[in-house]
Amino acid sequence: MLVLNDLLTTLPFMTADRADIVISSFWPMLKGGLYYSIPLTIIAFICGMLIALFVALIRVIPQQNKLHKLFYVLTSIYVSAIRGTPLLVQLFIIFYGLPNVGITLPPFTSAVISFSLNVGAYGSEVVRGAIISIPKGQWEAGFTIGMSYLHTFRRIIFPEAVRLAIPPLSNTFISLVKDSSLASLVLVTELFKQAQNVAARTYEFMLVYIEAALIYWLICFLLSLLQARLEKRLSRHNQRKL
Amino acid sequence: MISIKNIHKSFGATQVIKGVDLTIEKGEVVVIIGPSGSGKTTFLRCINALEIPQQGAIDFSAEPAFSIDFTQKPKQKQILDLRRHSAMVFQQYNLFPHKTALENVMEGPLQVQKRPLSEVQQQATQLLEHVGLKDKIHFYPSQLSGGQQQRVGIARAIALQPQIILFDEPTSALDPELVHEVLQTMNALAKEGQTMLIVTHEINFARDVADKVIFIDQGIIVEQGPAKQVIDHPQHERTQAFLQRILNQ
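From first to last, the protein sequence lines stand for chains E and C. Mapped onto the working numbering, the consecutive letters of the first sequence carry residue numbers -19 to 222. Mapped onto the working numbering, the consecutive letters of the second sequence carry residue numbers -13 to 235.
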């Protein structure tokens, strides 16, 4: 620890006291990240992707019957409403607004719900785009070997669409990591909330917020490495260079 | 025997197929020729309901027998049934890019026909050997040339053991030097007694391999008959003009 302290004090404006604050606040912030920010991100992303897939499917399937039409209209309204309103407002409606109609949700749950709905709407457009960019010939090839629409989707179109959707969805995921800091405003003691607590106590705003920023950056950097590996794995069949 | 009766197909106000009848015997190779825009590909796609005709009927008399009448809008179940009587080879191959050659061939028999894995695998391997791709069975489509991909496409069609294989300009997207290997594969298939309906511009192939040649123009059959007769001694003026254009290239 002393070595680290000495090392930090070589930086400009860095006194021994300040170095102490940096070191002692690191663990609470990281813990906020590990216990709240990252689980929040992952759970919301998974739920969001399930919503996204469902919504995308409803919106690409050729018009079927009345029920489908109803779902089509509902999902269109959902996507439009979520994309047309700020995430922070959605979060406040769920956490501060719902209690007025008798539904009180804990902070973490509120955050998961609003982030899932948000990712679901944006993700559905990404997934829909990926699905409709698969050439029509792939559908036809599925049909001519005797597959139904959904069977072709599951076996042929979906696996190909996933590969196309990975880069934009990784973007969504990384944005979500950062947007999870908004949960501090509904009292989730995640990474940035911890940073705010330390800063309020020590008045070292610059120092502590830069430290928080660096931790976010580190998490996102590790995630982008993961993304690169995933992309490589999913395109192993496409070995010709573009 | 497959009888196709009075097929009509229009897109919006444009009538593309104006009442085409065709009977194909078991083991027969029928080639459709005609100028571009004549409706020959659309006609082919009507036979497996990739395009749904507004009128007409199709009967498969061999077991499992099946017939469909398009006068009423067909149900999904009927369309699925119709498609399971035929297989198709596409101009752009349309192989599944995320599956190897072997997996492409196995997909239908395994997923649709629910045949046992060991049997399907053995059959698929044999078929790929048969089309000359023994050493390529674990390659992905992106690692194969156009001609090789199309031969995988042909193997994929045969694997379904359909009553008829439909070929939609199977060599049109290929480099000239790769056309031969695909035509050779199709020729071998014809000799084995596979029933085939082929849309193509390869006139020499049609003369050598087809039992019957059909000339379609403006959505109707203008002339049909034995291959040599239609190609070498066309009776109709439009057939003569078309063949002259294509042979003088």
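Built from N, CA and C at the ideal position, the CB exists for glycine as well.
Check whether residue i and residue j have beta carbons under 7 Å apart
| i | j | result |
| --- | --- | --- |
| C/Q149 | C/A48 | yes |
| C/V249 | C/V15 | There is no way to answer for residue 249 of chain C, as the model of chain C reaches only from -13 to 235. |
| C/I(-7) | C/G42 | yes |
| E/V157 | E/S5 | no |
| E/G103 | E/A32 | yes |
| C/M74 | C/L152 | yes |
| C/Q107 | C/E155 | no |
| C/N90 | C/R142 | yes |
| C/K26 | C/I202 | yes |
| C/G68 | C/A35 | Going by the sequence as given, residue 68 of chain C is Leu instead of Gly. Yes, these two residues count as a Cβ contact at 7 Å. |
| E/A24 | E/F95 | yes |
| C/Q191 | C/P21 | The question names Gln, but residue 191 of chain C in the sequence shown is Phe. No, they are not a contact pair. |
| E/K173 | E/S160 | no |
| C/A145 | C/P95 | yes |
| E/G117 | C/N173 | no |
| E/G28 | E/L171 | no |
| E/L47 | E/N98 | no |
| E/I195 | E/M(-6) | no |
| E/V106 | E/L149 | yes |
| C/I(-12) | C/F46 | yes |
| C/T186 | C/E209 | no |
| E/L71 | E/V168 | no |
9 Å Cβ cut-off: residues of chain C touching residue i
| i | result |
| --- | --- |
| E/P19 | Per Cβ cutoff of 9 Å: no residues; E/P19 is ~32 Å from chain C at best. |
| E/E170 | Ordered by position in chain C, no residue passes the 9 Å Cβ test against E/E170, which lies about 38 Å from the chain. |
| E/E191 | Correct list: empty, because the minimum Cβ distance to chain C is about 44 Å. |
| E/E105 | None at all; the shortest Cβ gap to chain C is about 23 Å. |
Cutoff 6 Å; reference residue i; Cβ partners in own chain excluding five residues on either side
| i | result |
| --- | --- |
| C/F29 | I3, V6 |
| E/E140 | I114 |
| C/L88 | A110, I123 |
| C/P127 | L81, P83, Q135 |
Close Cβ partners of residue i (< 7 Å) along its chain, the five nearest in sequence each way excluded
| i | result |
| --- | --- |
| E/V2 | L(-12), L187, E191 |
| E/K221 | Only weak support exists for where E/K221 lies, its pLDDT of 41 falling under 50; the coordinates are left without a value. |
| E/F123 | T132 |
| E/L(-16) | I3 |
| C/T171 | V117, R137, I140 |
| E/R108 | A36, R39, V40 |
| E/A101 | Y58, V59, I62, R63 |
Residue(s) in a DSSP beta bridge with residue i
| i | result |
| --- | --- |
| C/M74 | C/L152 |
| C/T9 | C/S(-11) |
| C/Q210 | C/I200 |
| C/L183 | C/V16, C/L152 |
| C/H(-6) | C/K4, C/Q41 |
| C/F52 | C/F46 |
Chain C contact residues for residue i, given Cβ-Cβ distances below 7 Å
| i | result |
| --- | --- |
| E/S113 | By Cβ distance, chain C contributes nothing, its closest Cβ being about 13 Å from E/S113, past 7 Å. |
| E/H217 | P83, H84, Y126, S128 |
| E/P139 | H84 |
| E/I136 | F82 |
Contact set between residue i and chain C, taken where Cβ atoms lie within less than 8 Å
| i | result |
| --- | --- |
| E/G117 | F76, Q78, N80 |
| E/E211 | Result: empty, since nearest Cβ-Cβ is about 14 Å, beyond 8 Å. |
| E/E184 | Going along chain C, no residue has its Cβ under 8 Å from E/E184, so there is no contact; the nearest lies around 52 Å. |
Interface partners of residue i on chain E, CB under 8 Å
| i | result |
| --- | --- |
| C/A73 | T124, I125 |
| C/L146 | I125, G126 |
| C/L66 | G126, S128 |
Proximal chain E residues relative to residue i, where beta-carbon distance stays under 7 Å
| i | result |
| --- | --- |
| C/G94 | I125, G126 |
| C/N34 | T124 |
| C/V98 | I125, G126, M127 |
| C/L175 | Residues of chain E passing the Cβ test: none, with the nearest at roughly 17 Å. |
Proximal residues of chain E, C-beta to C-beta of residue i below 9 Å
| i | result |
| --- | --- |
| C/R69 | F123, T124, I125, G126, M127 |
Cβ neighbours of residue i in the same chain (closer than 8 Å, five flanking residues each side left out)
| i | result |
| --- | --- |
| E/L214 | V142, R143, I146 |
| C/E93 | F82, K85, R142 |
| C/P212 | D197, K198, V199 |
Mind pulling the alpha helix (DSSP H) runs of 4 or more residues that sit fully within the region 31 to 119 of chain E? The qualifying runs are 46 to 63, 67 to 72, 87 to 112.
Which residue spans inside the region 152 to 211 of chain E form an unbroken beta strand (DSSP E) run of at least 3? Runs found: none.
Continuous beta strand (DSSP E) assignments of at least 3 residues falling wholly in the region 7 to 32 of chain E: Along the region 7 to 32 of chain E, the beta strand (DSSP E) does not occur as any fully enclosed run of 3 or more residues.
In chain order, which beta strand (DSSP E) runs of at least 3 residues are fully inside the region 81 to 135 of chain C? You should have found no qualifying run.
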